[in-house]
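A.B. asks: Just passing along the structure, written as structure tokens.
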RNA sequence: CGGGCUGUAGCGCAGUGGCUAGCGCGCUCGGUUCGGGACCGAGAGGCCGGGAGUUCAAGUCUCCCCAGCCCGACCA
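Residue numbers (the numbering used here): 3 to 477.
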């Protein structure tokens with residue numbers, strides 16, 4: 003087993019080593035595409051299952067729309083086509099014949115969905131429509147990275163239709179908060195929810211919101227987005243409804259999504275030089291038992307360990323490693339590489355005392371435990387691991403976030419320290435562009451929930467500020 | 001899409017134009033081990049990324065293509 007490159011040596015290589023060695027994904031023969039391996043896919047299934055029930059709780063239903071979209075559909079919304087055309091994959095030949103109209107492989111599904119909503123919506127009584135789909139999409143990216151930006155990726159996309167602007171905006175914000183709570187409570191990933199600037203918003207949206215997280219290299223990662231689409235797609239596809247007072251009005255829309263990129267976020271937020279670190283609430287395997295035995299002690303130790311295993315099995319996702327050919331040390335290293343949150347070591351000495359050793363993946367701490375009350379003990383411990391990961395990430399973000407007022411401090415910070423800068427912005431995209439050119443940092447978002455401005459002036463031009471913003475270099 | 005680096009056994013690498021392409025790890029078999037990545041012995045495993053060329057002779061030189069990594073440009 004090759005060693006993992008340390009984060010301090012080469013952060014990018016460290017990330018690749020974790021993905022490959024923890025068997026989350028592998029490269030496919032096609033440029034920019036990846037195979038998600040069982041350990042990676044199990045993680046995605048956990049994410050799916052939690053989010054899916056949150057979507058259902060908030061009134062949404064799943065559906066499926068086809069992957070192939072008539073090229074002309076993409077062209078109906080001006081900004082949308084402009085935003086996506088450079089990264090489209092297009093089918094021009096099928097069944098051995100040149101197609102009359104090329105088919106685009108979906109980069110997102112607004113157009114196909116709104117072409118259908120036109121058929122389904124006539125009256126205000128047909129609204130709202132609250133649909134989600136789990137799907138794959140293709141975007142021909144120039145530069146790809148495992149999980150973070152791949153040519154094909156898996157995601158969910160919610161697409162809702164509403165009778166009023168207020169309702170669509172409320173939906174947009176509601177789903178953003180669903181993402182935020184998922185990131186914080188399940189991924190143990192603190193995020194900043196906020197609004198995107200004009201330059202960073204989704205092609206075709208009126209407003210875009212995002213949740214932004216800090217990775218261990220202090221760069222920002224957009225972990226989820228939601229869009230208030232206004233009436234842009236309704237107008238492009240001529241989707242109207244008759245209101246109670248008999249008038250025809252265009253429908254209001256939202257869309258929102260998270261992708262397999264979340265797995266990249268999880269890796270980069272918590273993992274260390276020993277391997278993957280996963281929060282207990284999302285880890286496909288929560289516990290692995292490692293019995294420690296010699297040939298003569300094997301029967302006794304395995305019997306005891308199997309007893310513990312069978313006791314835990316109804317309550318947790320638990321494995322036992324009975325391999326005769328690898329040493330305990332190797333097995334310990336494996337559980338750490340794979341990110342299993344809790345390891346239970348059981349050897350002859352433990353059995354004599356009727357106890358075992360619990361080892362936390364997050365801290366490496368070893369804790370003696372007896373079989374009585376074990377289940378509750380583990381539940382508490384896992385909650386503690388979950389909280390520790392969250393607070394560690396939160397402290398890291400706080401330590402690497404600065405409030406700045408002077409541009410010279412800003413450039414110096416971006417050059418030397420890097421991290422998040424909380425500052426003021428006049429709202430002019432010219433200042434935003436200049437800053438990006440000069441420092442590579444972009445406005446990640448305009449944080450929500452601030453009652454009053456904390457900064458008086460724009461960091462770049464010094465004119466009165468109209469937004470507090472978070473600047474960072476981003477993935 | 002531009003610049004740089006890389007591609008030889010599953011992984012990491014070595015290999016002056018010249019005979020049968022090596023090493024470490026891993027893998028298989030046998031044995032001894034086993035509380036932090038065990039050890040000994042015996043094996044298996046190769047279209048040298050793909051194609052075209054130069055040459056008596058190419059893993060090695062030239063060109064084209066493909067893929068990966070890094071830096072740019074681009075990027076819900």
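All C-beta atoms in this analysis are idealised placements derived from N, C-alpha and C, irrespective of residue type, glycine included.
Are residue 434 and residue 201 touching if we call contact CB-CB under 8 Å?
C.D. replies: yes
A.B. asks: For residue 262, does the count of other Cβ atoms within 10 angstroms reach 16, so buried, or fall short, so exposed?
C.D. replies: It is buried - the Cβ of residue 262 has at least 16 other Cβ atoms within 10 Å.
A.B. asks: Using beta-carbon positions only, say whether residue 311 and residue 291 come within less than 8 Å of one another.
C.D. replies: yes
A.B. asks: Rounded to a whole number of angstroms, what is the C-alpha to C-alpha distance between residue 35 and residue 15?
C.D. replies: 18 Å
A.B. asks: Go ahead and pull the three-state DSSP assignment for residue 46.
C.D. replies: helix
A.B. asks: Is it true that the CB of residue 163 sits closer than 8 Å to the CB of residue 119?
C.D. replies: yes
A.B. asks: DSSP has residue 253 in a bridge; who is on the other side?
C.D. replies: According to DSSP, residue 253 bridges with nothing at all.
A.B. asks: Please classify residue 160 as buried or exposed, where buried requires at least 16 neighbouring CB atoms within 10 angstroms.
C.D. replies: With 16 or more other Cβ atoms within 10 Å, it is buried.
A.B. asks: Can you give the Cα-Cα distance for residue 555 and residue 53, rounded to whole angstroms?
C.D. replies: Look at the range of the chain in this structure, 3 to 477, and you will see that residue 555 is not part of it.
A.B. asks: Buried or exposed: where does residue 343 fall if 16 or more other Cβ atoms within 10 Å of its Cβ makes it buried?
C.D. replies: It is buried - the Cβ of residue 343 has at least 16 other Cβ atoms within 10 Å.
A.B. asks: Answer yes if the stretch 102–121 comes into contact with the stretch 63–81, meaning at least three C-beta pairs across the two stretches below 8 Å, and no otherwise.
C.D. replies: yes
A.B. asks: Would you tell me roughly how many angstroms separate the C-alpha atoms of residue 95 and residue 107, rounded to the nearest one?
C.D. replies: 13 Å
A.B. asks: What residue range does the beta strand (DSSP E) around residue 138 cover?
C.D. replies: 131–140
A.B. asks: Straight-line CA distance for residue 142 to residue 90?
C.D. replies: Computed Cα separation, rounded: 6 Å.
A.B. asks: Measuring only the C-alpha atoms, how far is residue 332 from residue 280?
C.D. replies: 20 Å
A.B. asks: Spatial neighbours of residue 42 within its chain, please: CB distance less than 7 Å, with the 5 preceding and 5 following residues excluded, ordered by chain position.
C.D. replies: When the five nearest sequence neighbours on each side are left out, the beta carbons in the same chain lying within less than 7 Å of the beta carbon of residue 42 are those of 26, 27 and 265, in order along the chain.
A.B. asks: Straight-line CA distance for residue 453 to residue 19?
C.D. replies: CA-CA distance, residue 453 to residue 19, rounds to 43 Å.
A.B. asks: Give the range of the alpha helix (DSSP H) segment to which residue 191 is assigned.
C.D. replies: It is not in any alpha helix (DSSP H) - residue 191 carries neither H nor E in the DSSP assignment.
A.B. asks: For residue 369, does the count of other Cβ atoms within 10 angstroms reach 16, so buried, or fall short, so exposed?
C.D. replies: Exposed, because fewer than 16 other Cβ atoms sit within 10 Å of the Cβ of residue 369.
A.B. asks: From which residue to which residue does the beta strand (DSSP E) around residue 358 run?
C.D. replies: 358–362
A.B. asks: Measuring only the C-alpha atoms, how far is residue 384 from residue 272?
C.D. replies: 15 Å
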